[in-house]
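Per the working numbering, the very first residue in the sequence shown carries number 481; after that it's consecutive.
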Amino acid sequence: MIDKHECKQVGLIVKTHGIKGELVVRLFDEFTIDHIDTEFLFIELDGGLVPFFMEEAREKNKTDVLVKLELAKEETEMERLMDARVFVKKENIDEDSEGDAFSAYQLVGYSVQVVGFGPLGKIVAIKDISNNPLFEIEFEGREILIPIVEDFIVNIDDENEVIIFELPEGLIDLE
């Protein structure tokens with residue numbers, strides 16, 4: 481397996497497409513299909529990155545790319561890849577594409593800690609409710625929603641995939 485530190489997350493697999501074995505990869509805002517020059521996508525499965533040869537890739541719209549992966553053609557295989565994070569080796573990304581853009585989707589899968597509380601769980605999704613983006617965190621079988629507000633974020637540790645929040649009192653009910 482490849483080391484995650486050699487790669488950069490570029491998007492998520494969001495659904496299947498059509499009947500020809502294609503998957504929809506939703507790219508983060510800072511990437512387009514033109515900025516990614518690779519034959520392999522690395523899909524996060526069971527905590528590790530698994531390489532998949534890309535037989536075909538084509539742009540569906542501004543944010544979505546349709547990909548056909550060599551070892552993922554059967555419906556059960558494709559279903560296993562739903563919501564998986566997609567990575568590309570850093571050396572295969574056009575550096576001019578990255579700029580200063582940031583996407584909260586890059587933080588899906590990160591562990592969450594809250595100042596004054598401690599570990600809270602993992603970010604499992606981003607919800608965009610009426611243009612109010614929220615981190616969805618799974619905590620003891622419950623869904624906790626935290627607004628994506630820069631002032632709430634104390635630190636992001638990409639190496640250990642941990643994000644630390646300092647939240648206003650009463651924002652979330654942890655009792």
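Glycine included, each C-beta is placed from N, C-alpha and C at the ideal position.
Fair warning: this is a prediction, and the values are worked out from it, not measured in the lab.
Would DSSP call residue i helix, strand or coil?
i    : result
M558 : helix
F632 : helix
I513 : helix
E571 : helix
G579 : Because the pLDDT at G579 is just 47, under 50, the model does not fix this residue reliably, and the value given afterwards should be weighed accordingly. Residue state, collapsed to three classes: coil.
L529 : strand
A564 : coil
E641 : coil
K548 : strand
K540 : coil
K500 : coil
E524 : strand
In chain order, what residues of the same chain have a beta carbon less than 6 Å from the beta carbon of residue i, not counting five sequence neighbours either side?
i    : result
V536 : This sequence places Glu at residue 536; Val is not what is there. So the qualifying residues of the chain are K548.
K626 : Note that residue 626 corresponds to Ile in the displayed sequence, not to Lys. Cβ neighbours of I626 beyond the five flanking positions: F615.
L635 : A small correction: the amino acid at residue 635 is Asn; Leu does not occupy that position in the sequence shown. The answer, listed in chain order, is I644.
D574 : H515
E620 : none
V595 : E646
CB-CB under 7 Å to residue i, same chain, minus the five flanking residues each way: which ones, in chain order?
i    : result
P648 : none
K570 : E486, C487, K488
I633 : I643, F645
F508 : V490, G491, S583, Y585, Q586
Within its chain, find whatever has a CB closer than 8 Å to the CB of residue i; leave out the 5 residues flanking it on each side and keep chain order.
i    : result
A564 : L492, I493, I523, E524, L525
F567 : K484, C487, K488, Q489, V490, L521, F522, I523, E524, L529
F533 : E519, F520, L549, E550, L551
So residue i and residue j are supposed to be a Cβ contact under 8 Å. How far apart are they, rounded?
i    : j    : result
V588 : D544 : No, V588 and D544 are not in contact; Cβ-Cβ is about 17 Å, not under 8 Å.
L503 : L561 : 6 Å
Y585 : I606 : 6 Å
M558 : T496 : 5 Å
S591 : V642 : 5 Å
Cβ contact check for the segment 511-524 and the segment 610-621: 3 or more pairs under 8 Å: no
Entirely within the segment 587-629 and at least 3 residues each: give me those beta strand (DSSP E) ranges in chain order. DSSP runs (the beta strand (DSSP E)) wholly in the segment 587-629: 591-594, 598-609, 612-619, 622-627.
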